[in-house]
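Every letter in the sequence shown is one number past the one before it in UniProt numbering, and letter 191, counting from 1, is 191.
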Amino acid sequence: MKAVIATALLFLLASPHCKSQESCQPASLNIELEQVLERDQSSLQKYNLADQEQRFAPSAEHLADKERLLKLLKSAMQQNKEIFEKIIADCGWPDARKLSYKANTALFLIVQYGSKDERIRYFPYFEQQYQDKLLNSQRYVMMVDRMRFDQGLAQLYGTQFFPEKSGTAVYGDVFEPEKLNERREQMGMMRIKAFDDAYPQPKQSRDKAKTDSAIGKKHS
Numbered sequence: 001m002k003a004v005i006a007t008a009l010l011f012l013l014a015s016p017h018c019k020s021q022e023s024c025q026p027a028s029l030n031i032e033l034e035q036v037l038e039r040d041q042s043s044l045q046k047y048n049l050a051d052q053e054q055r056f057a058p059s060a061e062h063l064a065d066k067e068r069l070l071k072l073l074k075s076a077m078q079q080n081k082e083i084f085e086k087i088i089a090d091c092g093w094p095d096a097r098k099l100s101y102k103a104n105t106a107l108f109l110i111v112q113y114g115s116k117d118e119r120i121r122y123f124p125y126f127e128q129q130y131q132d133k134l135l136n137s138q139r140y141v142m143m144v145d146r147m148r149f150d151q152g153l154a155q156l157y158g159t160q161f162f163p164e165k166s167g168t169a170v171y172g173d174v175f176e177p178e179k180l181n182e183r184r185e186q187m188g189m190m191r192i193k194a195f196d197d198a199y200p201q202p203k204q205s206r207d208k209a210k211t212d213s214a215i216g217k218k219h220s
């Protein structure tokens, strides 16, 4: 009888550990994080559509719909954050090399949408992923610009903008704005026409910037 009880206790003690180990396997993490991404994108897309309708065709009905979808979006973001925190607590930071593209995207977006403190805490993981060529340059600079905004610094790459009702993007404070498109090209990103129009450069300078960018990509 004692042997049976001892065996049962060992099983009970081991079960949570086993479940935790299973949930930390890449296959399980991929499933859970891909669901996180789907919930995030679906909720965000619905809210953005409602926001656009209210912007360009204001009405009590559109406003009510926007407010309803905003609540659903916040609920989805909170649910995703709780899942993320549980993964980190149980598994530590997952190995990006073993996760799917969508799963890695979910991790990035949760931190990008998160608090200033969360971005500071988890940025070293993204920094390392970028150095290991596991994080594309566009996501990396998005995080860099967001963190600069957190610190009250001007952004470098123009990834943080706020659309006006007219549809025009407002970029806020930009460090050396005349060099923004040069920095973007160095990171393999498209130029922003508004900055080309505001800070026109001689064709010779633009050609040199493109050549330097191409050389940089070749050797990276």
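Idealized CB from N, CA, C, for every residue including glycine.
Take the Cβ of residue 6 as the centre, count every other Cβ of all protein chains shown within 10 Å, and call the residue buried at 16 or more, exposed below. The pLDDT assigned to residue 6 is 45, lower than 50, so where the model puts this residue is not dependable; a value taken from the coordinates is nonetheless given after this. So residue 6 counts as exposed.
Would you kindly check if the distance between the Cβ of residue 122 and the Cβ of residue 130 is under 8 Å? no
Comparing alpha-carbon positions, which option in 142, 109 and 99 lies nearest residue 161? 142
Confirm, please, whether the CB-CB distance from residue 155 to residue 174 is below 8 Å. yes
From 110, 67, 38 and 188, residue whose alpha carbon lies closest to that of residue 86: 110
Got a sec, what are the start and stop residues for the alpha helix (DSSP H) residue 26 sits in? 26 to 56
Beta-carbon separation of residue 106 and residue 33 under 8 Å? yes
Cα separation between residue 48 and residue 108? 20 Å
Quick check: the Cα distance between residue 199 and residue 35, rounded to an integer number of angstroms? 43 Å
For residue 96, which of helix, strand or coil comes out of DSSP? helix
What's the C-alpha gap between residue 65 and residue 59? 10 Å
On the CB-based measure, 16 or more other CB atoms within 10 Å of its CB, does residue 43 come out buried or exposed? buried
Which of helix, strand or coil DSSP assigns to residue 154: coil
Are the beta-carbon atoms of residue 104 and residue 39 separated by less than 8 Å? no
On the three-state DSSP scale, how would you describe residue 162? strand
For residue 191 versus residue 184, is the C-beta spacing smaller than 8 Å? yes
Alpha helix (DSSP H) segment containing residue 175, residue limits: Segment: none, residue 175 is in no alpha helix (DSSP H) and carries neither H nor E.
Starting from residue 121, trace the alpha helix (DSSP H) in both directions and tell me its first and last residue. 116 to 131
Leaving out the 5 sequence neighbours to the left and right, which residues in its chain are closer than 6 Å to residue 50 when beta-carbon positions are compared? 65, 66 and 69
Looking only at its chain, what residues have a beta carbon closer than 8 Å to the beta carbon of residue 118, apart from the 5 residues adjacent to it on each side? 111
Proximity below 8 Å, CB of residue 99 to CB of residue 181: no
Label residue 57 either buried or exposed according to how many other C-beta atoms from any shown protein chain fall within 10 Å of its C-beta, with 16 as the threshold for buried. exposed
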